[in-house]
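Participant:
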Amino acid sequence: MYVEPMSEGPTDADVIARVLGGDTELFRVLVDRYTDEFARYAKYMTGSEDEAADIIQESLVRAYRSLRRCRDRATFKGWLFRIVSNQCKTHLATRRRRPVEPLSGEAADVASVDDPGADADAADVRRKVHQALQELSTDQREALVLKYVEGLSLPEMAEILSASVSALKMRLLRARQELLAKLQGVVT
Amino acid sequence: MKQEHEGLGPDAERFERIVGALDRRPVRLPSTVRAAVMARIRGERSSAWARAWAWLAAPQLSPLAAAVALAAGIAVLLLSRPQTPTRASTEMAQAGSVTSPVRLIFLAPRATRVAVTGDFASWDPNGIPLAGPHGDGVWSVELQLAPGLHHYVFIVDGTEWRPDPNAASQVDDGFGQKNSVLVVPGPRAS
Numbered sequence: 016m017y018v019e020p021m022s023e024g025p026t027d028a029d030v031i032a033r034v035l036g037g038d039t040e041l042f043r044v045l046v047d048r049y050t051d052e053f054a055r056y057a058k059y060m061t062g063s064e065d066e067a068a069d070i071i072q073e074s075l076v077r078a079y080r081s082l083r084r085c086r087d088r089a090t091f092k093g094w095l096f097r098i099v100s101n102q103c104k105t106h107l108a109t110r111r112r113r114p115v116e117p118l119s120g121e122a123a124d125v126a127s128v129d130d131p132g133a134d135a136d137a138a139d140v141r142r143k144v145h146q147a148l149q150e151l152s153t154d155q156r157e158a159l160v161l162k163y164v165e166g167l168s169l170p171e172m173a174e175i176l177s178a179s180v181s182a183l184k185m186r187l188l189r190a191r192q193e194l195l196a197k198l199q200g201v202v203t
Numbered sequence: 049m050k051q052e053h054e055g056l057g058p059d060a061e062r063f064e065r066i067v068g069a070l071d072r073r074p075v076r077l078p079s080t081v082r083a084a085v086m087a088r089i090r091g092e093r094s095s096a097w098a099r100a101w102a103w104l105a106a107p108q109l110s111p112l113a114a115a116v117a118l119a120a121g122i123a124v125l126l127l128s129r130p131q132t133p134t135r136a137s138t139e140m141a142q143a144g145s146v147t148s149p150v151r152l153i154f155l156a157p158r159a160t161r162v163a164v165t166g167d168f169a170s171w172d173p174n175g176i177p178l179a180g181p182h183g184d185g186v187w188s189v190e191l192q193l194a195p196g197l198h199h200y201v202f203i204v205d206g207t208e209w210r211p212d213p214n215a216a217s218q219v220d221d222g223f224g225q226k227n228s229v230l231v232v233p234g235p236r237a238s
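Protein sequences appear in the order of chains W and Z. Take 16 as the starting number for the first sequence in the working numbering and just add one per residue. Take 49 as the starting number for the second sequence in the working numbering and just add one per residue.
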């Protein structure tokens, strides 16, 4: 998933080469290509679309500044993801130093309830699932989001998180157990 | 997917329902995010030019500082031992800069080519090639580097970036990988 997909237009590697060659405006191609790509992940991690937008913006600017250090230009997407992931964790670590606030309505709205087909009970369950996710540790939340929202395989997760598959299996197991415990009585 | 919930026992089905409640719809960020990224990039580019122009336009040294710099330059010329430049060192050394010779070696018996890149090479993904393999798969290169701290990695077969196992220390590069750290002392007195 984190290898550049076959698509029309210049490859990421071509764009990077031209940006580094002085065509700064061409970075817009990568901005257009990836702004929304990791927005869902960042929104799940922070519980807020506004914070996700800030993180994606900062990540793309950092990627531009460090473009010469992109080691394998064909896997720019995975490299960018690691920047987004690090930005999320830095952001969350900083935020935790502030007094912990109760989950805002915005955070609860991560699972938007504007689906006209959903009834109130289902929407309530979604809100509580997302609230429980926000209460997990950052690493556990990240593992669950990558696995069950982004649909990554364990080897893909191991690569982008620089962790072993066995360590991730254990992290996922504990995350699932934590989530189940928090949703005792909510999801039966 | 159920087999991946191993360890949950009877809770596996309950976890399936939790997973079913997760929202997988794409998140579309407002176009202002894209515009803000490009505006910041343009701002950085223009401010870099502005800084460069201001540096060129401004008087660079006071008479006292110039005298100190001249004295330091003469001292460096007197104390530095002459070096025979290699191809790599010729690429790396900048005219007038003070550098010291550094030999990097890397063991990669199965590699077909090895290069090194780092801050001293502007993180060029092609890097500076190492010569080799010599006996037992040893690759090496001699560089002329300015005194100070340098971060670098080896590039094996053009794609695999690996830190130097012989380096004194490794640091996180901020992107989930490790960079090796090299400390280059100033030129030795002869």
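Yeah, the Cβ is synthetic: ideal placement off N, Cα and C, and Gly gets one too.
Considering only residues of the same chain and omitting the five flanking positions on each side of Z/D167, which have a CB-CB separation below 8 Å?
Facilitator: Correct list, in chain order: H198, H199 and Y200.
Participant: Per DSSP, Z/G166 forms a beta bridge with which residues?
Facilitator: Answer by DSSP bridge pairing, in chain order: Z/Y200.
Participant: Say whether chain Z places a C-beta atom closer than 9 Å to the C-beta of W/K58.
Facilitator: Chain Z, which has a Cβ nearer than 9 Å to the Cβ of W/K58, makes this yes.
Participant: Can you give me the Cβ contacts of W/L159 inside the same chain, cut-off strictly under 8 Å, excluding the 5 residues immediately before and after it?
Facilitator: Same-chain partners within the cutoff: L148, L151, L187, A190, R191 and L194.
Participant: Determine the chain W residues that contact Z/T207 at a beta-carbon separation under 7 Å, and present them in chain order.
Facilitator: Result: D87.
Participant: Are Z/A216 and Z/T147 close, meaning C-beta to C-beta below 9 Å?
Facilitator: No, these two residues do not count as a Cβ contact at 9 Å.
Participant: Is the CB of W/S127 under 9 Å away from at least one CB in chain Z?
Facilitator: Because the pLDDT at W/S127 is just 46, under 50, the model does not fix this residue reliably, and the point stays unresolved.
Participant: Just verifying my parser: in three-state terms, what is the DSSP assignment at W/Q199?
Facilitator: W/Q199: coil per DSSP, three-state reduction.
Participant: Give the straight-line distance between the Cα atoms of W/V228 and W/V44, rounded to the nearest whole angstrom.
Facilitator: Because chain W here runs from 16 to 203, residue 228 of chain W falls outside it and cannot be looked at.
Participant: Per DSSP, what kind of secondary structure is Z/R76 in: helix, strand or coil?
Facilitator: Looking at Z/R76 - three-state DSSP - the assignment turns out to be coil, as it is neither helix nor strand.
Participant: Go through the region 133-198 of chain W residue by residue and report every complete run of the alpha helix (DSSP H) that reaches 4 residues or more, in order.
Facilitator: 135-150, 153-159, 169-176 and 180-197, all fully within the region 133-198 of chain W.
Participant: Can you check whether the CB of W/R97 is closer than 9 Å to the CB of W/I31?
Facilitator: The answer is no: Cβ separation not under 9 Å.
Participant: Going by the DSSP bridge assignment, what does Z/L191 pair with across the sheet?
Facilitator: According to DSSP, which records beta bridges pairwise, Z/L191 is partnered with Z/V150.
Participant: Express the C-alpha separation of Z/A156 and Z/I203 in angstroms, rounding to a whole number.
Facilitator: Those two C-alpha atoms are separated by around 11 Å.
Participant: Determine whether the beta carbon atoms of Z/G175 and Z/A159 lie at a separation below 9 Å.
Facilitator: Contact: no.
Participant: Please name the residue, chosen from W/L41, W/G93 and W/T153, that lies closest to W/T109 on a Cα-to-Cα basis.
Facilitator: If we check each option's Cα against that of W/T109, W/T153 comes out closest.
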